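Chemist: In the working numbering, the protein residues as written are 314 to 712. Here it is, the structure, as structure tokens.
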């Protein structure tokens with residue numbers, strides 16, 4: 314699975330500002346004392362005066378303060394200075410800070426090279442910098458270096474090296490690495506499959522990381538490494554949903570839809586499906602479409618059904634294409650249109666949907682909306698039969 318390398322936007326340290334008052338710091342800062350400029354910037358951050366904080370942070374950075382340079386890089390990269398992302402400026406600042414050996418800047422510079430922000434993309438150089446930061450015991454860099462070795466991003470794939478970095482990052486309480494170790498143990502990727510270890514890693518990170526909360530919920534739901542417990546599964550899905558993680562929102566809908574450990578409530582199920590669907594989650598879009606198509610707890614509405622089926626189809630959800638094909642071939646809520654039905658069936662069939670393959674086989678066998686074509690009929694029926702579709706096997710034998 315492709316991993317997205319994200320910039321670390323949190324300051325490396327919470328600076329221990331001295332007991333000096335703001336006035337005395339201002340005097341020293343105005344005299345060009347670089348550490349006073351940095352301390353004053355941090356003081357203004359504590360006071361939620363970001364404008365003044367940036368003013369003094371930038372002066373400190375221009376005078377060569379490594380942490381200030383890194384922090385200004387973060388501000389410019391994330392559009393926190395003037396509302397515009399300035400990757401070139403961020404790259405320059407990270408470079409200046411990294412040249413002084415500031416570990417977070419080395420990490421951020423590595424991500425710039427890896428993602429091609431402010432500089433042409435160079436994954437090899439990016440991973441080299443990430444590894445340098447990781448070897449300086451910086452946990453986020455250890456995590457991303459592990460991910461690079463695990464997937465062969467910018468380096469030769471090496472699970473032994475990946476595990477070493479991921480384990481070290483997890484030991485340093487990096488929640489992303491802790492969650493990743495859980496994934497590796499759950500599926501036996503590079504380590505012996507061990508549901509209990511997977512559960513333990515997820516549990517350690519779940520309070521602070523939505524993906525770990527979601528994975529912990531799945532463990533409770535499926536009984537992976539722990540006794541099955543629907544109530545705790547729902548609790549952790551709800552925790553993950555607070556981060557607007559759409560699969561978690563969708564699964565809460567499933568709980569209400571199926572009545573897993575709670576009273577079945579179709580209205581609440583639909584509300585959660587709708588929330589996830591309107592934010593782009595394809596499986597929720599498909600479920601909402603199916604609800605409107607069947608009129609399950611709502612007035613039957615083929616227009617809304619087709620709308621959500623099409624939204625899911627645009628994201629490559631092949632079951633939605635199959636459903637749209639059915640609507641067009643049967644004329645449910647639309648004018649019968651065999652060409653559109655065939656187009657959607659073909660998309661679903663090419664994605665491996667056995668029923669779509671079967672329907673195409675029948676269409677080409679009987680010539681519904683197209684000229685009969687026994688070769689195409691055999692082709693699609695065989696694909697469906699190979700997936701265990703008994704009707705397709707019988708039709709194939711009758712050709």
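Beta carbons are placed, not taken as given, at the ideal position from N, Cα and C, and that holds for glycine. Keep in mind it's a predicted model, so treat the numbers as computed, not measured.
Please tell me whether residue 495 and residue 511 are closer than 7 Å, where the distance is taken between their beta carbons.
Modeler: yes
Chemist: Between residue 466 and residue 431, which are expected to be in contact by the criterion C-beta below 8 Å, what is the C-beta distance as a whole number of angstroms?
Modeler: Their Cβ separation, rounded to whole angstroms, is 19 Å, which puts residue 466 and residue 431 out of contact at 8 Å.
Chemist: Excluding sequence positions up to five away, which residues of its chain have a Cβ less than 8 Å from the Cβ of residue 506?
Modeler: 498, 499 and 500
Chemist: DSSP on residue 325, reduced to helix/strand/coil?
Modeler: For residue 325, the predicted structure reports a pLDDT of 41, less than 50, and the residue's modelled location is therefore unreliable. A value from the coordinates is still provided. Coil.
Chemist: Return yes when the Cβ of residue 526 is within less than 7 Å of the Cβ of residue 553, no when it is not.
Modeler: yes
Chemist: Name the residue from 692, 640, 437 and 666 whose alpha carbon lies nearest to the alpha carbon of residue 630.
Modeler: 666
Chemist: Do you know offhand how far residue 516's Cα is from residue 559's?
Modeler: When rounded, the distance between both Cα atoms is 20 Å.
Chemist: Does DSSP classify residue 657 as helix, strand or coil?
Modeler: helix
Chemist: Decide if residue 412 is buried, meaning its Cβ has at least 16 other Cβ atoms within 10 Å, or exposed.
Modeler: The residue in question, residue 412, is exposed, as its Cβ has fewer than 16 Cβ neighbours within 10 Å.
Chemist: Considering Cα atoms alone, identify which of 605, 613 and 599 is closest to residue 635.
Modeler: 599
Chemist: To the nearest angstrom, report how far apart residue 424 and residue 439 are at their CA atoms.
Modeler: 6 Å
Chemist: Alpha carbon to alpha carbon, how far is residue 400 from residue 426? Give it in angstroms, no decimals.
Modeler: 11 Å
Chemist: Whole angstroms is fine: what's the gap from residue 613's alpha carbon to residue 539's?
Modeler: 41 Å
Chemist: From residue 678 to residue 705, what distance separates their C-alpha atoms?
Modeler: Looking at the two C-alpha atoms, the distance is approximately 12 Å.
Chemist: Please look up how many angstroms separate the CB atoms of residue 694 and residue 674, rounded, as I've assumed it's under 8 Å.
Modeler: 4 Å
Chemist: Using a 10 Å radius around the Cβ and a threshold of 16 neighbouring Cβ atoms, would you call residue 570 buried or exposed?
Modeler: Buried, since its Cβ has 16 or more Cβ neighbours within 10 Å.
Chemist: Taking all protein chains shown into account, do 16 or more other C-beta atoms lie within 10 angstroms of the C-beta of residue 685, making it buried, or fewer, making it exposed?
Modeler: exposed
Chemist: For residue 645 and residue 625, what's the separation of their Cα atoms in angstroms?
Modeler: 18 Å
Chemist: Mind listing, in chain order, the continuous beta strand (DSSP E) runs of no fewer than 3 residues lying wholly within the stretch 525-551?
Modeler: none
Chemist: Does the beta-carbon distance from residue 383 to residue 349 come in below 7 Å?
Modeler: no
Chemist: Quick check on the burial criterion: 16 or more other C-beta atoms within 10 angstroms. Buried or exposed for residue 595?
Modeler: buried
Chemist: Can you tell which of 657, 368, 655 and 363 has its C-alpha closest to the C-alpha of residue 342?
Modeler: 368
Chemist: Return the first residue and the last residue of the alpha helix (DSSP H) that residue 491 is part of.
Modeler: 488-500
Chemist: Would DSSP call residue 666 helix, strand or coil?
Modeler: coil
Chemist: Apart from the five residues on each side of it in sequence, which residues of its chain come closer than 6 Å, Cβ to Cβ, to residue 602?
Modeler: 618, 621 and 622
Chemist: Out of curiosity, what's the CA-to-CA distance linking residue 530 and residue 479?
Modeler: 22 Å
Chemist: Looking at residue 503: is its Cβ nearer than 7 Å to the Cβ of residue 544?
Modeler: no
Chemist: Could you have a look at residue 319 and say whether DSSP puts it in helix, strand or coil?
Modeler: Residue confidence for residue 319 is low, a pLDDT of 39 falling below 50, so the modelled location carries little weight; the figure read from the coordinates is stated next. Reduced to three states, the DSSP call for residue 319 is coil.
Chemist: Give the DSSP-derived three-state secondary structure of residue 519 in the structure shown.
Modeler: coil
Chemist: Are the beta-carbon atoms of residue 712 and residue 698 separated by less than 7 Å?
Modeler: no
Chemist: In angstroms, rounded to a whole number, what distance separates the CA positions of residue 355 and residue 366?
Modeler: 7 Å
Chemist: In whole angstroms, what separates the C-alpha of residue 713 from that of residue 521?
Modeler: This structure gives no information on residue 713, because the portion of the chain shown stretches from 314 to 712.
Chemist: Which term fits residue 391, buried or exposed, when burial requires 16 or more other beta carbons within 10 angstroms of its beta carbon?
Modeler: exposed
Chemist: Does residue 702 pass the burial test, meaning 16 or more other C-beta atoms within 10 Å, or should it be called exposed?
Modeler: With 16 or more other CB atoms across the displayed protein chains lying within 10 angstroms of its CB, residue 702 is buried.
Chemist: Can the beta-carbon of residue 523 be found closer than 7 Å to that of residue 556?
Modeler: yes
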